[in-house]
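Below is one structure; the comments refer to it alone.
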Amino acid sequence: MSRPDSPTGLSEGTFGLARLSRAGESAFNALVRPGGEVVDISSRYSSSTALYAEWDATFDELDSVSRQARSTGIDFADYDVLPPVERPQIFCAGSNYRQHAAEMYTFNEGAYQEERLPGEKDEAFFARNSQFVTEKRAKGMPFIWLATFGSMVGPHDDIALPPVGTAHDWEAELTVVVAGGSPRMMNPDEAGLYIAGYTIGNDMHTGDLYSRTDIKWNADWIAKQQPTFKQIGPMVVPKQFVPDLGSMQIELDLNGDRMQDWPADDMIFSPEEYLAYASERVALLGGDLLMMGSPPGNGGVHGGRWLTPGDVVDIRIDGLGSQRHNVVAEDTDGRTPFFGMPPYDVSSR
157 MSRPDSPTGL SEGTFGLARL SRAGESAFNA LVRPGGEVVD ISSRYSSSTA LYAEWDATFD
217 ELDSVSRQAR STGIDFADYD VLPPVERPQI FCAGSNYRQH AAEMYTFNEG AYQEERLPGE
277 KDEAFFARNS QFVTEKRAKG MPFIWLATFG SMVGPHDDIA LPPVGTAHDW EAELTVVVAG
337 GSPRMMNPDE AGLYIAGYTI GNDMHTGDLY SRTDIKWNAD WIAKQQPTFK QIGPMVVPKQ
397 FVPDLGSMQI ELDLNGDRMQ DWPADDMIFS PEEYLAYASE RVALLGGDLL MMGSPPGNGG
457 VHGGRWLTPG DVVDIRIDGL GSQRHNVVAE DTDGRTPFFG MPPYDVSSR
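Quick note on numbering: this note's numbering labels position 196 of the sequence shown as 352, and the sequence is numbered without any gaps.
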């Protein structure tokens, strides 16, 4: 896919699928052309379930609509852009980019450092972790955790930092949108048939909430579920327009400085392998999301540079458009946390 030069970030000859609204009006499913023309498709596809239920037939119809249907007359830039799917199950790939996984195992605080040998320097520890990642690809299997749709916002919404924790970190990610009708127990070749398209995601977390020492399982996944911490969109680009993930670059800028810049296909396990794995464990539904894991360049490898109010985050992936977010402090209406930072000591209250 060539790097697009269009108002939407879409490549010529493609289209995207978005959920849009304007003040005082209901949200609707829309087809977006590269030049920004918007076609309302809600009379035929009123929900994400309807849109992704029978994807191949739907794509053929939408391909015709993209060439023939009249636009709303209002440009894409003049709409509010919502997450492109409604209330999805969100499946998240863990440690799926080689360089990022090795960096995380080497530089992140907490339980990871228990694996460091006495006196071991970063370079040697990183080399061992890189070897572990290589062996994981040869002998291991994917790892998935689940996110809530209550943490999901659109591509231009504010990121609201909660009052608990400070290590609020970014993870720009290629995100798969699942087509309906997938069976259980798929193999990777079958699973590829149930990829409807791709969008952009940012899988944020609060690192100092994530590590727990008061429980044997020391990862507290709810630290990745804060409101606004899953930014999705702006639109879904059909898989038919994305023949090669290797031509796509994932980029994240913080206040104009490049933090992440990595090829989208440098994964340990592919989208098809992840969907096959998921089909052995859960029921996949049309419109579900699979966030494919983060490339390197998170806050921990930038000297512990975490997000703070006033920051601006820009994310783009070739051919999928872009996101921009202002970072603010969460407005809790004066309420303060009851439990606060882990571990919680009952005797202190």
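Every residue, glycine too, gets a C-beta built ideally from N, C-alpha and C.
Nothing here was measured: the structure is a model prediction, and the numbers come from that model.
Could you check which residue in the options has the C-alpha nearest to that of residue i?
{"i": "N411", "options": "G363, F263, P465", "result": "P465"}
{"i": "R491", "options": "D216, P319, Y208, T262", "result": "P319"}
{"i": "P498", "options": "D376, I424, A434", "result": "D376"}
{"i": "D359", "options": "L330, I371, E346", "result": "L330"}
{"i": "D467", "options": "P344, I378, D325", "result": "D325"}
{"i": "L440", "options": "V393, M342, E486", "result": "M342"}
{"i": "G229", "options": "G192, Y201, L218", "result": "G192"}
{"i": "E428", "options": "L401, L408, W418, L365", "result": "L401"}
{"i": "R226", "options": "Y253, Q255, V188, M260", "result": "V188"}
Verify the contact flag: residue i, CB atom, against every heavy atom of the ligand NAP, threshold strictly below 7 angstroms.
{"i": "D474", "result": "Of ligands this structure carries none, so the ligand NAP is not represented either."}
Could you give the DSSP three-state label for residue i: helix, strand or coil?
{"i": "Q245", "result": "coil"}
{"i": "I378", "result": "helix"}
{"i": "W462", "result": "coil"}
{"i": "S158", "result": "The predicted position of S158 is uncertain, since its pLDDT is 45 and thus under 50; no value can be drawn from it."}
{"i": "W373", "result": "coil"}
{"i": "V237", "result": "strand"}
{"i": "R480", "result": "strand"}
{"i": "Y350", "result": "helix"}
{"i": "P499", "result": "coil"}
{"i": "G172", "result": "strand"}
Give the range of the beta strand (DSSP E) segment to which residue i is assigned.
{"i": "T331", "result": "328–334"}
{"i": "V564", "result": "Summary: the structure shown does not reach residue 564, with the chain confined to residues 157 through 505, and so no result is reported for it."}
{"i": "K508", "result": "Nothing can be reported for residue 508, as the shown portion of the chain is limited to 157 through 505."}
{"i": "Q416", "result": "413–419"}
{"i": "A303", "result": "300–303"}
{"i": "E407", "result": "405–410"}
{"i": "L445", "result": "445–447"}
{"i": "L317", "result": "315–317"}
What is the residue span of the alpha helix (DSSP H) that residue i lies within?
{"i": "M104", "result": "The displayed coordinates of the chain run from 157 to 505. Any statement about residue 104 would go beyond what the structure contains."}
{"i": "N285", "result": "278–295"}
{"i": "E217", "result": "211–224"}
{"i": "A434", "result": "427–437"}
{"i": "A179", "result": "Looking at the DSSP string, A179 is not in any alpha helix (DSSP H), and its letter there is neither H nor E."}
{"i": "Y208", "result": "204–208"}
Which residues share a DSSP beta bridge with residue i?
{"i": "H361", "result": "D325"}
{"i": "I356", "result": "L330"}
{"i": "D470", "result": "D409, R480"}
{"i": "P394", "result": "G353"}
Can you find a C-beta in chain E that's less than 8 angstroms from the C-beta of residue i?
{"i": "D467", "result": "Absent from the structure: chain E. Only one protein chain is present."}
Exercise. On the three-pair Cβ rule with 8 angstroms, is the segment 444–454 touching the segment 245–258?
Worked result: yes
For this session: Indicate whether the contact test is met: 3 or more Cβ pairs, each with one atom in the segment 477–491 and one in the segment 288–303, closer than 8 angstroms.
Result: no
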